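With full-length UniProt numbering applied, the sequence shown corresponds to residues 1 to 444, in that order.
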Amino acid sequence: MAGEPVDLGGPRQRAVLGMLVAAGGRVVSTDRFLEDLWAGEPPPRALGALQSYVSHLRRLLEPGRAPRTPATTILSATPGYRLAVAEDAVDAWRFAALLRSAAEAADPAEVVRLVDDGLALWTGEPYAAYTGQGWAAAETDRLHRLRADAVELRAAGRIRLGQPGTVVADLEELVRAEPLRERAAGLLATALYGVARQGEALAVLRRTRRHLADELGVDPGPDLRALEADILGHAEHLRTAPVRVPRVPDEAVREDPDELVGRDELVGRDAELARLRAAAGSVGTRPVVVWVTGDAGTGKSALLERFVAGVGTDTARGRCSEVRGAPPAWAWHDVLRALTGDDPAVDDAYALTLALARVLGGRRAVVVLEDLHRADEETLQVLRHLVTAVDAAPVAGRLLPRRRGGPRPGRHPRGHRRAHGRPHRTGRARRARRPPPAAPPRRP
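This is how it looks when you write it as structure tokens:
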């Protein structure tokens, strides 16, 4: 009371107040009290004991009430009692009210503020003293569902504010706890996409699809299916918010192990950096291909970042998807989008190759293909053609596949495997020999 703890008496007397709070201001019948307080076996004088508990609670909650005046907190109401206090006097009630207000708010900043205020009221497990009691279990489940709703609502608000990275950790925890919760999975995928983690976003949706099929025998709902298609197609509405990678704690946005090496200093890579720069200086009207290999965490990214920063040309990146079902040659779509600033209107490898040749023709550029060991056949066809048969339209491109892990047998472009040779020393860069001419991808 007034910020001070109050001794509410023994366990049954406290349970009376707990049941009234859980009822949310509704009437709790006398029969219900007797059934729950004595586990279905009330003694002969149970009704008198209940009335005594209520009387003691009234005195504790209304210490200034004059004798023989009507109670104002615990009211007698047929067929039992109900709690009559302000909504903000009970944390659980106030939490639900803040959540309702947040759901109705139009301003995402107001949504986040209201939900933050509500979640701040959670100081522990609700009704922890009554674990195993039916009335408490039902209300605890309801509050946990509301809390999950609050996490989703706050995440949606922060994504709209252009802060996707700040909600990734909370959503990952929620999805782990409730893998069938489609809205949480969709928000997590949206947030991951917003911080340039498209592969992980698609993996979340794939896992959710599998959980729904395995446990319920159903497919994802239309919203989740539409989101997957939007992510694969880089839908414009996913970029309407000022999406950026914010400065947030490590647990919110995972970092690539490669990025942790040489962020500020590049140690022991002078020779490799010199070879990359020499290759860049030798570019004329034909492309040059360089493989950069090495285990995770050994500085490949730092080496490439230092090279790209000093090369002074346009740069485009593409990543070979780890997700099954991604469109063919998806890494090259990323490259074309980066070079043109627009979504490429091409639907096959042949058209994509021609579009890339037009864009790169007569242009000095660095193209970084990441995770090339995951490349599909279309990606390799486009690569093979661009580095062997683009004579009519001179291409001054730089292809720097960044490989994370061992080579996949038979997956490298023809003629490049010998250039790779034995496994290179960690983080080593090597210029590839020019491969034999290859025919362009055939139009289906």
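Note that the Cβ used here is the ideal one computed from N, Cα and C, for glycine as well. Predicted model, so just to flag it, every value in this text is computed and none were measured.
Quick check on residue i: buried or exposed, where buried means 16 or more other Cβ atoms within 10 Å of its Cβ?
{"i": "ARG158", "result": "buried"}
{"i": "ARG403", "result": "In this prediction, ARG403 scores a pLDDT of 44, lower than 50, which makes its location untrustworthy; no coordinate-derived value is stated."}
{"i": "THR166", "result": "buried"}
{"i": "PRO44", "result": "exposed"}
{"i": "PRO79", "result": "exposed"}
{"i": "GLY199", "result": "buried"}
{"i": "residue 445", "result": "Since the first and last residues shown for the chain are 1 and 444, residue 445 lies out of range."}
{"i": "ALA96", "result": "buried"}
{"i": "GLY310", "result": "exposed"}
{"i": "residue 450", "result": "Any question about residue 450 goes unanswered here, given that the chain covers just 1 to 444."}
{"i": "ARG176", "result": "exposed"}
{"i": "GLN51", "result": "exposed"}
{"i": "ASP170", "result": "buried"}
{"i": "GLU378", "result": "buried"}
{"i": "PRO327", "result": "exposed"}
{"i": "ARG197", "result": "buried"}
{"i": "ALA156", "result": "buried"}
{"i": "ALA329", "result": "buried"}
{"i": "PRO70", "result": "exposed"}
Between which residues of its own chain and residue i is the CB-CB distance below 6 angstroms, once the five residues before and five after are set aside?
{"i": "GLU172", "result": "none"}
{"i": "PRO61", "result": "Here the sequence assigns Leu to residue 61, which means Pro is not the residue at that position. Answer for LEU61: THR73, listed in chain order."}
{"i": "LEU205", "result": "ALA189, GLU228"}
{"i": "ASP91", "result": "LEU121"}
{"i": "TRP93", "result": "GLU87"}
Helix, strand or coil for residue i? Go by DSSP, reduced to three states.
{"i": "LEU180", "result": "coil"}
{"i": "ALA156", "result": "helix"}
{"i": "THR190", "result": "helix"}
{"i": "TYR127", "result": "coil"}
{"i": "TRP122", "result": "coil"}
{"i": "ASP314", "result": "strand"}
{"i": "TRP135", "result": "helix"}
{"i": "GLY48", "result": "helix"}
{"i": "residue 450", "result": "Given a span of 1 to 444 for the chain in the structure shown, any question on residue 450 remains unanswerable."}
{"i": "ARG32", "result": "helix"}
{"i": "LEU83", "result": "strand"}
{"i": "GLY18", "result": "helix"}
{"i": "TRP291", "result": "strand"}
{"i": "ARG358", "result": "helix"}
{"i": "ARG277", "result": "helix"}
{"i": "ALA77", "result": "strand"}
{"i": "ARG147", "result": "helix"}
{"i": "ARG269", "result": "coil"}
{"i": "ARG306", "result": "helix"}
{"i": "ARG26", "result": "coil"}
{"i": "ARG319", "result": "strand"}
{"i": "GLN198", "result": "helix"}
{"i": "GLN381", "result": "helix"}
{"i": "LEU386", "result": "helix"}
{"i": "PRO328", "result": "coil"}
{"i": "ASP230", "result": "helix"}
{"i": "ARG113", "result": "helix"}
{"i": "GLN163", "result": "coil"}
{"i": "ARG374", "result": "helix"}
{"i": "PRO5", "result": "coil"}
{"i": "VAL90", "result": "coil"}
{"i": "ALA97", "result": "helix"}
List the whole-angstrom C-beta distance separating residue i from residue j, where the pair is believed to meet the contact cut-off of C-beta under 8 angstroms.
{"i": "LEU75", "j": "ALA84", "result": "5 angstroms"}
{"i": "TRP135", "j": "ASP36", "result": "5 angstroms"}
{"i": "GLU215", "j": "LEU174", "result": "Contact doesn't hold; Cβ gap of about 17 angstroms is too wide."}
{"i": "LEU273", "j": "VAL290", "result": "LEU273 to VAL290, Cβ: 12 angstroms. No contact."}
{"i": "ASP212", "j": "ILE231", "result": "Per the sequence shown, residue 212 should be read as Leu rather than Asp. So it is not a contact: roughly 18 angstroms between Cβ atoms."}
{"i": "residue 445", "j": "THR208", "result": "A query on residue 445 cannot be resolved here, the shown segment of the chain reaching from 1 to 444 and no further."}
{"i": "ALA365", "j": "ASP314", "result": "4 angstroms"}
{"i": "LEU386", "j": "VAL359", "result": "Not really, about 11 angstroms apart at Cβ, beyond 8 angstroms."}
{"i": "VAL27", "j": "ALA77", "result": "5 angstroms"}
{"i": "LEU303", "j": "ARG337", "result": "Actually they do not touch by this definition, with Cβ atoms about 25 angstroms apart."}
{"i": "GLY25", "j": "ARG65", "result": "The Cβ separation is near 20 angstroms, so there is no contact."}
Within a Cβ cutoff of 8 angstroms, which residues of the same chain sit near residue i, ignoring the five residues on either side of it in sequence?
{"i": "GLU125", "result": "THR140"}
{"i": "TYR53", "result": "GLY9, ARG12, GLN13, VAL16"}
{"i": "VAL382", "result": "ALA329, TRP332, ALA349, LEU352, THR353, LEU356, PRO441"}
{"i": "LEU99", "result": "LEU114, VAL115, GLY118, LEU146, ASP149, ALA150, LEU153"}
{"i": "GLU178", "result": "ALA148, ALA184"}
Please go through the same chain and pick out, in chain order, the residues whose beta-carbon is closer than 7 angstroms to the beta-carbon of residue i, but skip the five residues on each side of it.
{"i": "ALA46", "result": "LEU34, TRP38"}
Is the closest heavy atom of the ligand PLP to the C-beta of residue i under 6 angstroms?
{"i": "GLU87", "result": "This structure simply doesn't include the ligand PLP, nor any ligand for that matter."}
*asked:* Counting beta carbon pairs with one atom in the stretch 102-115 and one in the stretch 54-64, are three or more of them shorter than 8 angstroms?
replied: no
*asked:* If contact is defined by three or more beta carbon pairs under 8 angstroms, each pair taking one atom from either stretch, is the stretch 177-190 in contact with the stretch 218-235?
replied: yes
*Can at least three beta-carbon pairs, one atom from the stretch 12-21 and one from the stretch 128-143, be found at a separation below 8 angstroms?*
yes
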